[in-house]
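Single-structure report; data block below.
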Amino acid sequence: MMNRFNHLPTLKIDTSEKIPFTYKGKQYYGTKGDSVATALYANGVRIYARSLKYHRPRGLYSMDGECSNTMMEINGVPNVRTETTLLKPGMVIKEQNVKGSAENDLMGFIDKMDWAMPAGFYYDTMHKPAKIWPVAMKQIRKAAGIGKLSPDHHMPGKYDEIFPTCDVCVIGGGPAGMTAALAAAEKGLRVILMEARPWLGGQFDYRTSEYANRQTCHERAVQLAKEVKKTDNIRVFIHTANIGAYNNNLITGFQVGTEKDSFTERYIELRANSVVVATGCIERPLLFENNERPGVMQAGCALRLANTYGMLPGKTGVFSIGHDLGLEAAVALHDLGMAIPMIADIREDGQNPALLKAVTDRKITLLKGWVATEVHGRKQVKKVTLKSLDGTAEKTFDCDVLVASAGFTPLTGPLVVNQAKLKYDAHTNFFLPTDLPKKMHAAGRLLGYEDGLSIEASGHLAGLKAAYDCENCSIADLGEAKKAMESKPGPARGTKLVMAPVKGRKTFICFDEDTSIKNVKQSIDKGFDVPELIKRFSGAGLGPGQAGIPGHNLPLFTAKYQALPDIKIRPTTVRPPLVPTLIATYAGTNHTMLKRTPIDDLQRKDGGIFRNIGVWQRARYFSKDFSARKEIENVRNNVGMLDGSTLGKFRIHGPDALNALQRVYVSDLSKIKQGRVKYTAMCNDDGCVIDDGVVIKLGENDYYFSTSTGRAGQTIEWIRYHTRYENWDFALVNLTDAMGVINLSGPNARKVLEKVVDIDVSNEAFGFSEYKEFKVADTIPVKAMRLGFVGELSYELHVPSSYMKALWLILNEAGKEFKIQNFGVEAQNVLRMEKCHVILGQESEQRTNLLDIGLGFLWSRKKTGYKTVGVAALAQAEKDNTRLKLVGFKMENNGRAPRDGALIVDDRVRGHVCTARDSFSLNEAVGMALVEGDMSKVGTRLAFYEDECNGELIYGTVVETPFYDPAGQRMKM
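Take the sequence shown: its letter number 34 is residue 34 in UniProt numbering, and every next letter is one higher.
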């Protein structure tokens, strides 16, 4: 491991604390504060991976993960951006996309076959001859991708999500972003500041050049960060990458947690009244031969290796740059001990005089109007060839590092994905944002500012604009900030050079996809003459870095190659996520996204085994006997309690309440008598039944009704939709969560109930299909219905949710002498199946109408004038005998029941089983099925096919229904 500096004020590492990790099966050590990439670099690793297509060696190029050069497998997860991933103890790091190792990749020979794979190779070649394509496709798929994930991999860690709101969101924690946040916060606004790196400061953080008044850029960054942190109304999210920006200022991102945090990563989705984008710039790659060879890196990367991570990028470095940051980096690295034999500056003039003097004072040779044209070295940089821009003069230097950068590229991603437009600016050589989305502002270096004071003034103005959006800033304040901005230096002149004077065979414009300048030329020559088409034909920009590396150079080169008079071509479209994100982060915490009933905990204490049913969790069983035999027999012989709170419960009242009910229900509800319960159903426009339930008339123009569990969430919208043009006067209240339900069922149900109520509940006083209101224990108000869904004497007790626990305990105590027990959804399912009572969605499907499932008796054909939904379709289907029909069946020779969903067949599929069970009440296997009309006659033999039975059929016969208590005496006793 190389020696690290420990005296620089800009360092983010602690050399006293070593962190162990495993690389290629061996243990190495990094330093606290390292990223995975810098820890590997400190241990002598220069080749991190191999490229996607040509398997070229790739090394550390930038420090913010703009390309796939340093993507590796970490702890079993492929394609991890090691540049931005903090090193943690025990990490297991592996190379990927190699046969052998990154140093010696057996697939490296493909690099010499680029002549056989021009742009559009797959489009032109792989479809002919047609018989070869299936074989070729399999091989291509094997070779595709740069990482593999084991099917058995378990994603460790905790993934969370938060949904904050704020007045102003600032994206970018550099000098412009911090200044913008402070300006908005000073106006009393709630500000959220998002910074992708683990610390604030941006490009100021690692620079020791003078900011102003003998204060360094780093010192200014520290000062601003302290001001931000002590401002109570600024909430800072560090190590938080912005991944999307959408209409109405919906901003998304993800934060990487530290050891102190309760999450590994968390997804952030926030709403802001106004947004400031201060994301700064990355460096624009310099285009020359072998420009992605390990040892070639950006100026910012080289400087950050030294000033942030305490190590020199190499022993000898040649610089080929097009901006003052390159000169600054050369001076700083020379002072730290790096030999710099030559600086080639693309610019003929315009350099900072102070930096020129610093270069001269250090006796570093500077060639203006020169550029790197080729890197030599099979796997790493060994030497570099420099040429004058006109190609007339040439020099070659030995080195192990080439610091190369053509200029800057603004990070406009958050603006562009929110539909901002980009327009070429000849002064900065940037594609600058225009037509910004409403209440979204840009600031700082992405607008071309390089002077520190100008960057901060730009941020201050943007922060006040955001405050103005929130009506917390005056026009006068904006005017003063604008004047201050105009008094500072304007955007800096950018370099115009697009490419060194080379042919471009191994000059890569996109590192992710191995797309060379030669491939771009081939695409243009074939007629794909704009970046969006070139991107799709050549692959440039299709990788995980999107437009990070090629996005700026591609439109510039496209315009130059076609000799366009001006640059009207735009960069390719950038799409979210702007930064690659784990699916686990998007998923967030594995919450139980289900509703629970008011007595959920009581049922769990009683041994309930729960299952997810729709949006609810319900007790399906109360023992590990999944046939639920004891529960079923107890309801048939004694008394049981079921939690039915998931039913939809509604109150509708007002002058037109009845009209609304008549519109959506097929029965004539005008005939409901007060104190009676009416069972009815809803259909859609096709006559297909979508819901059933009961309706009770509470008083004049006042009704209470229930729906099925699955339909509860849609009922209000269904009624609203079908009455939207009527101007009817009614109010509809959803009481589903406000009311709980206990179903008290069994021959002893009345004996239990009469012990706790203050009214007569005899059969004469409270008969079948009647409704009563009373109190339990003189306190608990109950809406009670006498029903018989399970085929026994039953009371459905509706009570306010807050009383559910109390009522459950009271009934449980009162029923002890009658052997009261819980029963779950499975027992209810069997009990009601024996009575042939349907559950919609189980005995019906999207094609079945009211008539098909035997509920035609609910349809009031004499009801007119209400335009009841579905009745027109029902009238047309009434004589159609080819439709599916619901029938009951018993198995032959006392055979077992078929599986739910089993097919009914003869020479083709004729239907399917809805519900079938081995009935303990009947001592035989019975069930219900939907079959084609000609098979619905009693006595028809049915053949059941099940996948798991190897084609062996079992048989049953259509019988009369219901199976249990056909006369219904038990539920009416």
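The beta carbon of each residue, even a glycine, is placed where N, CA and C say it ideally should be.
With respect to the C-alpha of Ser-51, the residue from Thr-85, Asp-400, Thr-15 and Asp-105 having the closest C-alpha is Asp-105. Here the alpha carbons of Pro-491 and Leu-447 stand approximately 7 Å from one another. The closest CA to that of Lys-148, considering only Asn-97, Pro-175, Leu-11 and Cys-166, is found on Asn-97. Remark: fewer than three beta-carbon pairs, one from each stretch, lie closer than 8 Å, so the stretch 211 to 219 and the stretch 276 to 288 are not flagged as touching.
Counting only runs of 3 or more residues that sit fully inside the stretch 221 to 270, the beta strand (DSSP E) segments are 234 to 237, 240 to 246 and 250 to 256, in chain order. Per DSSP, the continuous alpha helix (DSSP H) segment holding Pro-353 begins and ends at 353 to 361.
Scanning its chain for C-beta atoms nearer than 8 Å, with the 5 sequence neighbours on each side dropped, one finds around Glu-348 the residues Lys-368 and Gly-369, in chain order. Annotation: the continuous beta strand (DSSP E) that includes Ile-162 extends over 159 to 162. Ranked by how close their Cα comes to the Cα of Gly-463, the residues Arg-190, Leu-582, Asn-727 and Pro-555 have Arg-190 in first place. Fewer than three beta-carbon pairs drawn from the stretch 639 to 649 and the stretch 841 to 855 are found closer than 8 Å, and the two stretches are therefore not classed as touching. Residue pairing by DSSP places Phe-963 opposite no residue, since no beta bridge is assigned to it.
Pairing Leu-858 with Ile-904 gives a Cβ-Cβ distance that is not under 8 Å. Between the C-alpha atoms of Val-825 and Val-790 there is a straight-line separation of about 11 Å.
For Leu-807, the enclosing alpha helix (DSSP H) begins and ends at 804 to 814. Only residues of its own chain outside the window of five on either side were considered, and among them Gly-322, His-323, Ile-346, Arg-347, Ala-406, Gly-407 and Asn-429 have a CB closer than 8 Å to the CB of Thr-495, listed in chain order. Rounded to the nearest whole angstrom, the CA to CA distance from Ile-742 to Val-799 is 8 Å.
With fewer than three CB-CB distances shorter than 8 Å, the stretch 606 to 618 does not count as touching the stretch 434 to 453. Contact between Ser-667 and Thr-680 holds: their C-beta atoms lie close to 4 Å from each other, under 8 Å. Contact check between the stretch 479 to 493 and the stretch 246 to 258: fewer than three CB pairs, one atom from each, fall below 8 Å, which does not count as touching. For the 8 Å CB-CB criterion, Ser-320 and Leu-402 form a contact.
Gly-541 and Arg-271 have their C-alpha atoms spaced approximately 30 Å apart.
Gly-548 and Pro-531 have their alpha carbons spaced roughly 14 Å apart. In the displayed model, Tyr-771 falls within a strand according to three-state DSSP. Taking C-beta separations shorter than 8 Å and ignoring five residues to either side along the sequence, the partners of Asp-686 in its chain run Asn-849, Gly-870 and Ala-873, following chain order.
Here Gly-888 is not near Val-913, since their CB atoms are 8 Å or more apart. For the pair Thr-392 and Arg-293, the Cα-to-Cα distance works out to about 25 Å. Using a 10 angstroms sphere on the CB of Asp-692, the tally of other CB atoms reaches 16 or more, which defines it as buried. Between Glu-227 and the set Val-959, Arg-575, Gly-201 and Ile-243, the nearest pair of CA atoms involves Gly-201.
If you draw a 10 Å sphere on the C-beta of Ala-299, you find 16 or more other C-beta atoms in it, and that means buried.
Fully contained in the stretch 530 to 613 are the following beta strand (DSSP E) runs of length 3 or more, in chain order: 609 to 613. Within the UniProt domain "Aminomethyltransferase C-terminal" (885 to 965), the complete beta strand (DSSP E) runs of at least 3 residues fall at 903 to 905, 909 to 919, 924 to 932, 941 to 945 and 954 to 959. DSSP places Tyr-29 in no alpha helix (DSSP H) but in the uninterrupted beta strand (DSSP E) bounded by 26 to 32.
Close CB contacts of Gly-326 within its chain, under the 7 Å cut and outside five residues either way in sequence, are with Ala-299, Phe-319, Val-403 and Ser-405 (chain order). Look at the beta carbons and you see the stretch 374 to 384 touching the stretch 47 to 62: at least three pairs across the two are nearer than 8 Å. Secondary structure within the stretch 7 to 67: the beta strand (DSSP E) runs of 3 or more consecutive residues, fully enclosed, are 14 to 23 and 26 to 32 (chain order). In the DSSP annotation of this structure, the continuous segment of the alpha helix (DSSP H) that includes Thr-125 starts and ends at 121 to 125.
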